[in-house]
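Trainee: When we follow our numbering, the leftmost residue of the sequence shown carries the number 17, and every step to the right adds one. All C-beta atoms in this analysis are idealised placements derived from N, C-alpha and C, irrespective of residue type, glycine included.
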Amino acid sequence: AMSKQDEVWILGINMTKLGKYPDRDIVDLGAEAIQAALKDAGVTMDDIGILAAGNLMGAGGIGQMLQKQVGQTGIPVYNVANACATGATALRTAVMAIKAGECDYGLAVGVEKLAGAGLLAGANRAEENDTWTPEGRFGAVVPVDGRIGTATMPGVFAQIGMEYGHKYGGADFELFAKISEKNHSHSTLNPLAAYNKEMSLEQIMNDMMIAYPNTRPMCSANCDGAAAAVVVNGATLKTLSLEQQRRAVKISASILTTDPWQEACQVLPDVNTLTRNAAKTAYEKAGVGPEDLDLVELHDCFATAELVHYDNLMLCEEGGAVDFFNSGATWRTGRMPVNVSGGLQSKGHPIAATGIANIWEVCQHLRDECGNRQIAGAKVGLAHVIGLGSACGIHILEKSAA
Numbered sequence: 017a018m019s020k021q022d023e024v025w026i027l028g029i030n031m032t033k034l035g036k037y038p039d040r041d042i043v044d045l046g047a048e049a050i051q052a053a054l055k056d057a058g059v060t061m062d063d064i065g066i067l068a069a070g071n072l073m074g075a076g077g078i079g080q081m082l083q084k085q086v087g088q089t090g091i092p093v094y095n096v097a098n099a100c101a102t103g104a105t106a107l108r109t110a111v112m113a114i115k116a117g118e119c120d121y122g123l124a125v126g127v128e129k130l131a132g133a134g135l136l137a138g139a140n141r142a143e144e145n146d147t148w149t150p151e152g153r154f155g156a157v158v159p160v161d162g163r164i165g166t167a168t169m170p171g172v173f174a175q176i177g178m179e180y181g182h183k184y185g186g187a188d189f190e191l192f193a194k195i196s197e198k199n200h201s202h203s204t205l206n207p208l209a210a211y212n213k214e215m216s217l218e219q220i221m222n223d224m225m226i227a228y229p230n231t232r233p234m235c236s237a238n239c240d241g242a243a244a245a246v247v248v249n250g251a252t253l254k255t256l257s258l259e260q261q262r263r264a265v266k267i268s269a270s271i272l273t274t275d276p277w278q279e280a281c282q283v284l285p286d287v288n289t290l291t292r293n294a295a296k297t298a299y300e301k302a303g304v305g306p307e308d309l310d311l312v313e314l315h316d317c318f319a320t321a322e323l324v325h326y327d328n329l330m331l332c333e334e335g336g337a338v339d340f341f342n343s344g345a346t347w348r349t350g351r352m353p354v355n356v357s358g359g360l361q362s363k364g365h366p367i368a369a370t371g372i373a374n375i376w377e378v379c380q381h382l383r384d385e386c387g388n389r390q391i392a393g394a395k396v397g398l399a400h401v402i403g404l405g406s407a408c409g410i411h412i413l414e415k416s417a418a
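Here it is in structure tokens:
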């Protein structure tokens, strides 16, 4: 069994409202999240022994820039960039420092300004001799090792959804739109979401097509925002107030994976295998199974991604994601609520912040502090992010018994 010294707990966590902040930069937003997380934890910068800071689109050295704003105490700073898994990787960095016994308290932050950035499709510009669609951006066709694929995000996730439907049946345009309808509906209860609009199935299906079968509302919403978390080891937690112990959330598993080598192809991202591998390891580490989860925040960067991740995270039997969704299980009123925050499609996706923002969502439910969005009696939750390129971060979180 783990000693109290080896346990790592989230003591404080917070996020900004996601949206457009034309008058504030990444330092403003990151500092707001840090100060709110420290306040939530009941500690100050002076207690913190390591800072891990994530940002993708801005200047390097965001950690030191934030220190200048919130307190320079000479501690080690790690600047982290790991695609959409950046926030989760920053948290994992702080967790590892605590597990190594280097410090008692750690701080992780992720911040991004993305409002108006378009569909990040240029992140992987294809070679000049590739064929382009008339839009000029989506669906560069790259023949690789006998497989034909695209290196752009909308294209990759469109392919993955279509492949799942082809393999197992039942996953048509309308089904993917229904997943999006669920998430937009959930967002109406989330005051921190970038968009709080309910959208009808008809509206979603008739909106602009980005990469079939994903229309615009079925894609993650680019926005600005930041999230931060304070972590502490179990031995130190025991010395704190009963209220701090009661609100602390245990990190039962903190896992990071990348694509394994496989016969098929080393170039196209393998979104499924690295998530399944991370999930297996996380359940093993935490000593829980998918059936023990009370809620899941998974990386629905596109509606098609949510469907395949039901399967990759083993929330259903292999090949059973369509039936699982159709059963109503993943609605907030169902037996396995998924993305009650509204998910990336409506809560928003400030890339480097997302991996901590989805953990914030789970923590708020485990602390029973979600108001009318609360999943009653939530004790165990899972947060999942995936960065194309490849990185998958999974955290399993458990309510304090205190």
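Among I410, S416, G403 and L413, which residue has its Cα nearest to the Cα of L72?
Mentor: The residue with the shortest Cα to Cα distance from L72 is G403.
Trainee: Considering just the uninterrupted stretch of the beta strand (DSSP E) at Y94, what are its terminal residues?
Mentor: Unbroken beta strand (DSSP E) run through Y94: V93 to V96.
Trainee: Is V312 closer than 9 Å to L398 when the C-beta atoms are compared?
Mentor: Yes, the Cβ-Cβ distance between L398 and V312 is below 9 Å.
Trainee: For K198, which option in L323, E385, A57 and G46 has the closest C-alpha, if you only look at C-alpha atoms?
Mentor: Comparing Cα positions, the closest option is L323.
Trainee: Can you name, in chain order, every residue of its own chain whose Cβ lies under 6 Å from the Cβ of I271, other than the five neighbours on each side?
Mentor: Hits under 6 Å: A294, T297, A298 and I410.
Trainee: I believe L360 touches C317 by the beta-carbon criterion, under 8 Å. Please report the beta-carbon distance rounded to the nearest angstrom.
Mentor: That pair is a contact at about 5 Å.
Trainee: Could you give the distance in angstroms between the alpha-carbon of A244 and the alpha-carbon of M215?
Mentor: The straight-line gap from Cα to Cα measures roughly 30 Å.
Trainee: Going by DSSP in three states, K36 sits in which element: helix, strand or coil?
Mentor: K36 falls in the coil class under three-state DSSP.
Trainee: Among the residues of its own chain, which have a CB less than 6 Å from the CB of I412, if the five just before and after it don't count?
Mentor: S268, A269, A298, A302 and L398, listed in sequence order.
Trainee: Check whether the Cβ atoms of C239 and P366 lie closer than 9 Å to each other.
Mentor: Cβ atoms of C239 and P366: closer than 9 Å.
Trainee: Would you call M221 buried or exposed, if buried means 16 or more other Cβ atoms sit within 10 Å of its Cβ?
Mentor: Looking at its Cβ environment, which holds 16 or more other Cβ atoms inside 10 Å, M221 is buried.
Trainee: Where do the ends of the alpha helix (DSSP H) carrying T102 lie?
Mentor: Note, T102: alpha helix (DSSP H), T102 to K115.
Trainee: Roughly how far, in whole angstroms, is the beta-carbon of G12 from the beta-carbon of V96, given that I think they are within contact range, below 8 Å?
Mentor: As shown, the chain starts at 17 and ends at 418. That puts residue 12 outside it, with no answer to give.
Trainee: Near A139, what residues of its chain come up, given a Cβ to Cβ distance below 6 Å and the 5 sequence neighbours on each side ignored?
Mentor: Here the model assigns A139 a pLDDT of 36, short of 50, so the residue's position is not dependable, and the following value carries that caveat. No residues qualify anywhere along the chain.
Trainee: Under a three-way DSSP split, which group does H411 fall into?
Mentor: H411: strand per DSSP, three-state reduction.
Trainee: Compute the Euclidean distance between the alpha carbons of G371 and H315, then round it to the nearest angstrom.
Mentor: Their backbone Cα atoms lie some 9 Å apart in a straight line.
Trainee: Are the CB atoms of R389 and S357 nearer to each other than 9 Å?
Mentor: Contact: yes.
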